[in-house]
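Undergrad: Chains as they are written, first to last, in our numbering: chain A, 1 to 345; chain B, 1 to 345; chain C, 1 to 345; chain D, 1 to 345. Provided herewith is a single structure, encoded as structure tokens, for subsequent inquiry.
Number of protein chains: 4
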Amino acid sequence: MVRVGVIGATGYAGAELVRILFGHPEVTLAAITSRQYAGVPFDRVYPAMKGVVPLICEEFALDDMCDRADVVFTALPHKIPMAVVPELVARGKRVIDLSADFRFRDVNRYEAVYQPHTAAALSEEAAYGLPEVYGDAISRARVVGNPGCYPTSVLLPLVPLLKAGLIRTEGLVADAKSGVSGAGRSPSLGSIFCEVTESFKAYKVAGHRHNPEMDEVLSREAGGAVHITFVPHLVPMSRGMLTTLYATPDGPATGAEIRARLTSFYADRPFVRICPEGQVPSTLHVRGTNYCDIGVVFDDEHRRLILISAIDNLVKGAAGQAVQNMNLMLGFKESAGLDAVPYPL
Amino acid sequence: MVRVGVIGATGYAGAELVRILFGHPEVTLAAITSRQYAGVPFDRVYPAMKGVVPLICEEFALDDMCDRADVVFTALPHKIPMAVVPELVARGKRVIDLSADFRFRDVNRYEAVYQPHTAAALSEEAAYGLPEVYGDAISRARVVGNPGCYPTSVLLPLVPLLKAGLIRTEGLVADAKSGVSGAGRSPSLGSIFCEVTESFKAYKVAGHRHNPEMDEVLSREAGGAVHITFVPHLVPMSRGMLTTLYATPDGPATGAEIRARLTSFYADRPFVRICPEGQVPSTLHVRGTNYCDIGVVFDDEHRRLILISAIDNLVKGAAGQAVQNMNLMLGFKESAGLDAVPYPL
Amino acid sequence: MVRVGVIGATGYAGAELVRILFGHPEVTLAAITSRQYAGVPFDRVYPAMKGVVPLICEEFALDDMCDRADVVFTALPHKIPMAVVPELVARGKRVIDLSADFRFRDVNRYEAVYQPHTAAALSEEAAYGLPEVYGDAISRARVVGNPGCYPTSVLLPLVPLLKAGLIRTEGLVADAKSGVSGAGRSPSLGSIFCEVTESFKAYKVAGHRHNPEMDEVLSREAGGAVHITFVPHLVPMSRGMLTTLYATPDGPATGAEIRARLTSFYADRPFVRICPEGQVPSTLHVRGTNYCDIGVVFDDEHRRLILISAIDNLVKGAAGQAVQNMNLMLGFKESAGLDAVPYPL
Amino acid sequence: MVRVGVIGATGYAGAELVRILFGHPEVTLAAITSRQYAGVPFDRVYPAMKGVVPLICEEFALDDMCDRADVVFTALPHKIPMAVVPELVARGKRVIDLSADFRFRDVNRYEAVYQPHTAAALSEEAAYGLPEVYGDAISRARVVGNPGCYPTSVLLPLVPLLKAGLIRTEGLVADAKSGVSGAGRSPSLGSIFCEVTESFKAYKVAGHRHNPEMDEVLSREAGGAVHITFVPHLVPMSRGMLTTLYATPDGPATGAEIRARLTSFYADRPFVRICPEGQVPSTLHVRGTNYCDIGVVFDDEHRRLILISAIDNLVKGAAGQAVQNMNLMLGFKESAGLDAVPYPL
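Given below as structure tokens:
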């Protein structure tokens with residue numbers, strides 16, 4: 001059994017990591033840390049875990065973590081990981097970071113929307129943790145920058161088509177909708193029940209920091225500069241993310257070609273499901289799972305392609321994808337720990 | 001007091017008509033009909049109305065309705081109104097129809113997505129009931145075709161800009177999200193709580209019948225053929241509709257010009273509110289009201305315009321707009337019966 | 001027009017006061033205050049009010065409030081009103097206080113669960129603002145202590161039966177369920193969407209501070225010491241409160257007598273609706289209204305009485321009842337400003 | 001591997017059976033049937049299962065089922081199982097029935113609220129499937145009548161106390177609240193989203209058919225006739241059930257004794273968790289699990305005991321408990337197939 005640790009275990013993504021790793025057949029969850037809940041049993045923070053997860057949240061201490069864990073997940077607000085991760089790597093640990101700090105190969109992009117980067121070389125070396133696209137790099141990486149939830153939902157449908165030149169790089173639109181758990185567990189006026197229920201709204205319109213992250217990957221895979229217009233919205237639900245993508249087929253590309261390309265690109269991948277023709281995904285059907293469901297609608301008359309992806313923002317959009325990356329890094333079965341039968345509702 | 005009747009009073013839009021008309025200062029709600037609940041007190045169907053609305057649902061009978069009402073609202077499934085409305089008009093009644101039957105000037109468009117039209121001349125004569133755009137025609141009309149909820153949310157932001165040539169007619173996208181009340185009150189698997197909650201999904205992608213309705217009006221106001229790519233989605237909430245529109249400014253148009261155009265176009269209109277710069281609308285802020293809130297975001301770097309509209313699908317998207325049309329037809333204050341102070345939540 | 005002021009206008013109860021008073025036909029809302037939002041337009045705090053309520057939130061200042069308002073509502077956390085209200089009364093203002101500070105005639109009860117009372121004499125003089133029971137006292141009062149939401153839902157069904165000796169004073173149980181708006185607008189972990197949705201739970205079991213408030217009134221009306229077992233619960237919804245009461249009929253009382261007593265007690269009151277036999281209330285049917293709906297089920301075989309009441313916790317449970325009290329104090333129609341037609345959903 | 005079949009696999013409880021049994025380490029799910037969806041792939045009915053559960057729904061045929069399965073679950077509307085189960089038993093199958101048909105030892109009780117029983121002898125022989133109470137009988141049973149969801153939530157807290165004589169048998173009250181999935185998957189007006197959200201209400205007050213089921217077991221365990229006053233309510237959530245129980249301690253029983261009794265009674269049982277003092281359960285903390293969490297509050301001053309239980313109505317209240325029963329019948333580990341790490345939210 002490989003020993004793993006989670007730094008930042010009591011936010012929603014961290015708690016999902018605890019859930020998945022504690023039940024993972026190949027690893028032992030050796031240590032979990034939390035600044036806010038140091039010293040508190042994990043099952044006091046999440047009473048669902050009572051009688052199941054007997055761990056105590058600890059204050060993070062580098063030496064101690066390095067003694068007890070071989071692989072470390074960091075689920076912390078950005079800026080903190082770029083201080084911590086280099087030290088873990090220096091001690092020979094392999095790290096999967098769920099913040100934005102190691103998602104960018106071009107540090108300038110990062111600095112334009114976050115802050116100065118103090119571990120630029122490590123960021124350039126890191127693998128972008130989208131396993132269906134960068135599996136080889138991930139399997140060898142010392143540091144994986146786990147993708148943002150929105151970029152995951154945008155990139156999985158678009159990358160195969162851009163790589164194949166089946167859609168144009170101009171005029172791309174991503175209209176994305178997320179459940180409220182994406183806002184995290186810290187209370188704020190915008191996340192309280194009475195302000196969320198019966199409220200659907202956009203936020204950070206054309207200004208969200210996941211936009212440059214998408215653009216970097218889209219540009220790399222398209223082989224040229226790509227900008228996607230991106231508008232995130234908040235849905236009155238707890239978990240789930242659905243993104244509707246609008247694209248224009250390039251040249252004579254047909255709907256059948258586009259569908260075939262997606263189907264073949266993901267043919268052997270356990271976690272991407274292409275919906276049969278005439279069907280579109282729902283967040284309910286991926287809730288609690290690591291799946292990304294993709295629906296394809298081609299409007300031949302108007303030459304418009306509509307792609308719709310659905311993920312659980314906390315699983316494929318965060319903790320599940322992080323574990324999928326770990327599985328690749330350690331040579332486990334890609335779906336290990338992530339293959340429970342989904343709930344029907 | 002003008003006497004009004006509602007045919008089809010027990011669906012959600014019909015019940016909203018009852019709510020608004022019963023409290024309207026200038027009219028008397030003289031008769032309400034319902035096939036399903038004929039003979040049943042309205043407050044048995046909607047117990048909220050107990051002690052307030054003492055009306056009994058009746059079976060529709062033409063003579064009786066014509067004896068008792070001067071203005072008639074028809075809130076029926078499409079195809080039925082085209083049989084009923086001509087008879088009402090023949091008796092000198094003025095009619096506001098909430099179905100699709102009288103929304104199209106070009107009957108061919110209607111027939112392409114609905115069915116053969118048996119009252120084509122009356123449909124061509126009818127006014128399209130978007131009061132902010134067609135107020136003059138509405139005030140004189142014998143029949144008003146009350147717009148669909150989706151078209152209302154799409155047209156109010158776009159029409160002023162298309163009329164002024166500030167945006168291009170190509171590449172328009174409307175990504176729309178509706179609360180579940182839009183699906184009506186007839187039970188179906190897709191509308192039961194357990195299938196809706198935690199579920200966000202698209203439906204009728206690029207195939208919804210409101211699309212040709214939008215296209216007809218957009219084309220008329222733009223002075224040339226316009227097709228908008230339209231994808232409706234279902235939100236786990238009861239009331240509300242938010243539509244995110246993607247457009248490209250034409251030529252050198254600036255964000256300030258676009259905002260100024262919308263502000264001036266709606267300067268004197270009681271029910272359209274342009275959000276201050278930096279703010280975007282939420283369905284919660286228009287819930288239960290006849291407002292349409294519009295947010296404007298201009299991405300100058302990428303020359304992209306994003307417009308976001310929010311309405312209550314049952315009020316500005318149906319019954320409220322119908323009453324607003326009646327107010328214009330009868331020379332009442334435009335906001336009569338629709339000006340209650342909104343709920344804070 | 002009577003001039004009124006609201007101290008503490010930006011919490012949920014305060015905002016409901018603004019909504020109702022701004023639309024009230026007999027009063028002018030002259031001043032609103034808010035510590036947190038002093039200087040901010042009210043419609044920035046509640047964007048629903050844009051274009052409707054042009055008021056600015058102000059810092060509270062005694063002289064200024066007394067210059068501008070004849071009647072003052074205080075919607076503040078308990079302990080603050082007992083400092084402010086005496087000063088307002090000293091200037092000849094009539095006050096309706098929505099906190100607990102003036103709800104108790106027996107100050108010892110208050111002090112046992114809140115804190116030392118610094119305006120005991122005024123508390124003893126104040127009227128308990130349950131208009132259906134204490135209308136006369138309210139109409140003459142200088143200070144009205146507006147009831148808690150839970151006590152309102154418990155007292156309206158029980159008081160008529162206890163006064164008439166139709167139920168026993170022992171063994172009373174109130175199992176109450178409240179929407180989340182009752183927890184107020186200040187963000188806390190317990191009120192964020194992800195912790196509320198799909199969560200139903202009890203809180204402050206047999207230890208809620210509304211319990212002694214109920215007991216004081218029940219005892220007074222029963223003419224002897226009464227204690228009711230009270231368990232509040234939190235429902236994943238925004239507005240609404242439903243309380244299920246369990247009682248034992250006294251002696252030979254029949255279900256028909258009990259129902260008749262409630263019907264006659266509330267015969268002339270505009271805001272209490274006794275459900276027809278076989279029907280029970282729902283929070284949805286009183287949402288946004290000042291109604292209290294009461295259902296009566298008598299299990300003759302086991303000699304058990306079950307009473308169920310439904311209110312909107314922010315209206316009949318707070319702001320609406322406060323305005324109803326004001327109407328009595330000022331000799332207005334009891335339902336003035338509170339008689340909009342209810343929403344069907 | 002034991003071969004199991006599910007008759008009635010597409011209702012919510014049936015689908016949960018499919019989920020659990022398909023992932024169960026000791027059994028093979030050999031056949032599933034559905035009248036409504038015969039011939040349809042299960043993952044078309046529940047798209048969450050795409051790529052996971054490759055089964056096809058079949059029309060039920062006795063011979064075929066008996067050829068392919070050793071143990072059969074029947075998840076059908078009551079009245080049907082009493083025709084089918086005897087035939088399965090006659091072929092040597094062991095059956096777990098999720099309807100009411102085999103829950104009663106006293107067939108008269110069944111017939112008083114359901115209909116004439118055509119398999120009375122088998123009903124009298126059957127074990128009542130509450131594993132924590134009737135584990136021995138279950139392990140030997142040919143037929144297990146799986147308890148109703150409400151009875152499960154009522155009996156687990158009360159039985160140990162009644163058996164020990166720690167509470168009085170008179171005056172018991174069960175105020176129960178259920179998520180909407182308890183109403184099943186057939187669409188009805190009462191289960192559509194718009195009628196459920198923001199609606200909390202009671203139903204079948206003192207007339208629910210689970211009441212005699214509770215009474216039978218309570219009476220048996222108390223050693224004398226017991227009737228509990230039972231009021232079920234509907235909560236605007238999908239899954240979960242919380243029941244608040246009111247009891248009077250018998251004689252000098254203390255809170256500590258009561259807590260100790262519950263703790264020791266369930267000391268070795270994997271699925272009942274007694275909350276630490278000062279904590280109460282939430283439906284969110286048992287969502288998707290087979291746990292029953294029980295909170296204990298003793299009001300010493302008023303000699304009142306309040307017990308609160310939380311379960312997932314589809315798991316411990318239906319499919320999970322059925323599988324737990326199967327585990328006992330087949331000598332598997334009691335928690336086999338039911339021990340996934342719970343979701344944090």
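Even glycine gets a Cβ: it sits at the ideal position worked out from N, Cα and C.
By the DSSP assignment, the beta strand (DSSP E) with C/T229 in it spans what residues?
TA: Translated into the one-based positions of the third sequence, residue 229 of chain C becomes position 229. From DSSP, the beta strand (DSSP E) with C/T229 extends over T229 to L234.
Undergrad: Under 8 Å, Cβ to Cβ, is there at least one residue of chain D near B/V40?
TA: Indexing the second sequence from 1 puts residue 40 of chain B at position 40. For B/V40, the answer is no, since every Cβ of chain D falls outside 8 Å of its Cβ.
Undergrad: Which residues, in chain order, does the segment 189-205 of chain A contribute to contact with chain B at a C-beta distance below 8 Å?
TA: Residues of the segment 189-205 of chain A with a C-beta less than 8 Å from any C-beta of chain B: C194, E195, T197, E198, S199, F200, K201, A202, Y203 and V205, listed in chain order.
Undergrad: Buried or exposed for C/K93, going by 16 or more other Cβ atoms inside 10 Å?
TA: Within the third sequence, the letter at position 93 stands for residue 93 of chain C. Answer is buried; the Cβ neighbour count reaches 16.
Undergrad: Tell me which residues of the segment 49-72 of chain D have at least one Cβ-Cβ distance to chain A shorter than 9 Å, keeping chain order.
TA: Result list: M49, K50, G51, V52 and V53.
Undergrad: Three or more C-beta pairs under 8 Å: does that hold for the segment 10-27 of chain A against the segment 80-87 of chain A?
TA: Between the segment 10-27 of chain A and the segment 80-87 of chain A there are fewer than three C-beta pairs closer than 8 Å, too few to call the two in contact.
Undergrad: Name the chain B residues whose beta carbon is nearer than 8 Å to that of C/R3?
TA: For this step, residue 3 of chain C is matched to residue 3 along the third sequence. Those do not exist, as C/R3 stays about 18 Å from chain B at its closest Cβ, beyond 8 Å.
Undergrad: Would you say the segment 201-216 of chain D touches the segment 155-171 of chain B, given that touching needs at least three Cβ pairs under 8 Å?
TA: no
Undergrad: Between the segment 130-143 of chain A and the segment 301-315 of chain A, do three or more beta carbon pairs fall short of 8 Å?
TA: Contact between the segment 130-143 of chain A and the segment 301-315 of chain A is absent, because fewer than three Cβ pairs lie under 8 Å.
Undergrad: Can you pull out the residues from the segment 223-249 of chain B whose beta carbon lies closer than 8 Å to at least one beta carbon of chain A?
TA: H227, T229, V231, H233, V235, P236, M237, S238, R239, G240, L242, T244 and Y246
Undergrad: Going by DSSP, name the residue or residues bridged to D/S282.
TA: Translated into positions along the fourth sequence, residue 282 of chain D becomes position 282. Note: D/S282 sits in a beta bridge opposite C/K201.
Undergrad: Only counting runs of 4 or more residues, tell me where the alpha helix (DSSP H) segments fall wholly within the segment 120-177 of chain D, in order along the chain.
TA: Runs of the alpha helix (DSSP H) inside the segment 120-177 of chain D: 120-125, 131-140 and 149-163.
Undergrad: Between the Cα of C/G223 and those of C/L122, C/L162, C/E257 and C/A48, spot the shortest distance and give me the residue it belongs to.
TA: Here the question's residue 223 of chain C lines up with position 223 in the third sequence. Ranked by Cα distance from C/G223, the options C/L122, C/L162, C/E257 and C/A48 are led by C/L162.
Undergrad: Touch check for the segment 110-129 of chain B and the segment 36-43 of chain B: three-plus C-beta pairs under 8 Å?
TA: no
Undergrad: How about D/M304: is its C-beta nearer than 8 Å to some C-beta of chain C?
TA: Your numbering for residue 304 of chain D matches position 304 in the fourth sequence. The sequence given here places Arg at residue 304 of chain D; Met does not occur at that position. Yes - at least one Cβ of chain C is within 8 Å of the one on D/R304.
Undergrad: How would you label A/M237, buried or exposed, when you count the other beta carbons within 10 angstroms and need 16 or more for buried?
TA: In the first sequence, the residue the question calls residue 237 of chain A occupies position 237. A/M237 is buried by the Cβ-count criterion.
Undergrad: Shortest alpha-carbon distance to B/Y128 belongs to which of B/R44, B/A322 and B/V341?
TA: For the purposes of this step, residue 128 of chain B is taken as the residue at position 128 of the second sequence. Among B/R44, B/A322 and B/V341, the Cα nearest to that of B/Y128 is on B/A322.
Undergrad: What is the residue span of the beta strand (DSSP E) that D/D293 lies within?
TA: Within the fourth sequence, the letter at position 293 stands for residue 293 of chain D. First-last of the beta strand (DSSP E) with D/D293: C292 to D299.
Undergrad: What residues in its chain sit with their C-beta under 6 Å from that of A/I56, if we drop five residues either side in the sequence?
TA: Looking up residue 56 of chain A in the first sequence gives position 56. Here the set comprises P41.
Undergrad: A/R19 touches chain D at which residues, Cβ-Cβ below 8 Å?
TA: On the first sequence, residue 19 of chain A is found 19 positions in, with the first residue counted as 1. Those within 8 Å of A/R19 in chain D are V341, P342, Y343 and P344.
Undergrad: At a Cβ cut of 7 Å, what residues of the segment 260-285 of chain C count as close to chain A, listed as they run along the chain?
TA: none
Undergrad: D/V346 touches chain B at which residues, Cβ-Cβ below 9 Å?
TA: Here chain D has residues from 1 to 345 only, and residue 346 of chain D is not among them.
Undergrad: How would you label A/F1, buried or exposed, when you count the other beta carbons within 10 angstroms and need 16 or more for buried?
TA: On the first sequence, position 1 is the one that residue 1 of chain A refers to. Checking the displayed sequence, the identity of residue 1 of chain A turns out to be Met instead of Phe. When all chains shown are included, A/M1 counts as exposed.
Undergrad: Nearest CA to the CA of A/A13: which residue from A/G288, A/G295, A/A340 and A/L345?
TA: Within the first sequence, the letter at position 13 stands for residue 13 of chain A. Minimum Cα distance to A/A13 is reached at A/G288.
Undergrad: Between which residues of its own chain and B/H78 is the CB-CB distance below 7 Å, once the five residues before and five after are set aside?
TA: Counted from its first residue, the second sequence places residue 78 of chain B at position 78. For B/H78, where only same-chain residues beyond five positions count, the Cβ hits under 7 Å are S99, A100, D101 and Y114.
Undergrad: The alpha helix (DSSP H) that contains D/D43, what's its start and end?
TA: By one-based count along the fourth sequence, residue 43 of chain D stands at place 43. Start and end: F42 to V45.
Undergrad: Quick one: list the residues of chain C neighbouring A/P187, beta-carbon separation under 8 Å, in chain order.
TA: For this step, residue 187 of chain A is matched to residue 187 along the first sequence. Within 8 Å Cβ-Cβ: P187, S188, L189, S191 and I192.
Undergrad: Got a sec? Which residues, its chain only, sit under 6 Å from C/A247 by beta carbon, not counting five neighbours each side?
TA: Mapped onto the third sequence, residue 247 of chain C falls at position 247. Excluding sequence neighbours, C/A247 sits near I167, L172 and L305.
Undergrad: Select from A/N290, A/A90, A/S264 and A/D300 the residue whose C-alpha is nearest the C-alpha of A/S309.
TA: Along the first sequence, one-based indexing puts residue 309 of chain A at 309. The residue from A/N290, A/A90, A/S264 and A/D300 with its alpha-carbon nearest to that of A/S309 is A/N290.
Undergrad: Chain D beta carbons: is any one of them nearer than 8 Å to that of C/G171?
TA: Numbered from its first residue, the third sequence carries residue 171 of chain C at position 171. Contacts with chain D at 8 Å (Cβ-Cβ) include C/G171.
Undergrad: By how many angstroms is the C-alpha of A/E195 removed from the C-alpha of C/D53?
TA: To locate residue 53 of chain C, count along the third sequence from 1; it is residue 53. To locate residue 195 of chain A, count along the first sequence from 1; it is residue 195. The sequence shown places Val at residue 53 of chain C, not Asp. Distance between C/V53 and A/E195, taken at the CA atoms: about 20 Å.
Undergrad: With a CB to CB cut of under 7 Å and the five nearest residues on each side skipped, what residues in its chain are close to B/G184?
TA: As a position in the second sequence, residue 184 of chain B is number 184, starting the count at 1. So the list reads G11 and Y12, once near-sequence residues are dropped.
Undergrad: Give me the residue from B/E132, B/I20, B/G240 and B/F298 with the minimum Cα distance to B/E221.
TA: As a position in the second sequence, residue 221 of chain B is number 221, starting the count at 1. Ranking the options by Cα distance to B/E221, first place goes to B/E132.
Undergrad: Evaluate C/R239 with the Cβ neighbour count: other Cβ atoms within 10 Å of its Cβ, from every protein chain shown; 16 or more gives buried, anything less gives exposed.
TA: By 1-based counting over the third sequence, the position of residue 239 of chain C is 239. Under this definition C/R239 is a buried residue.
Undergrad: Any beta carbon of chain A sitting closer than 8 Å to that of D/E124?
TA: Numbered from 1 along the fourth sequence, position 124 holds the residue referred to as residue 124 of chain D. Not an interface residue.
Undergrad: With three or more beta-carbon pairs closer than 8 Å as the criterion, would you say the segment 57-73 of chain D touches the segment 175-192 of chain D?
TA: The segment 57-73 of chain D vs the segment 175-192 of chain D: no contact.
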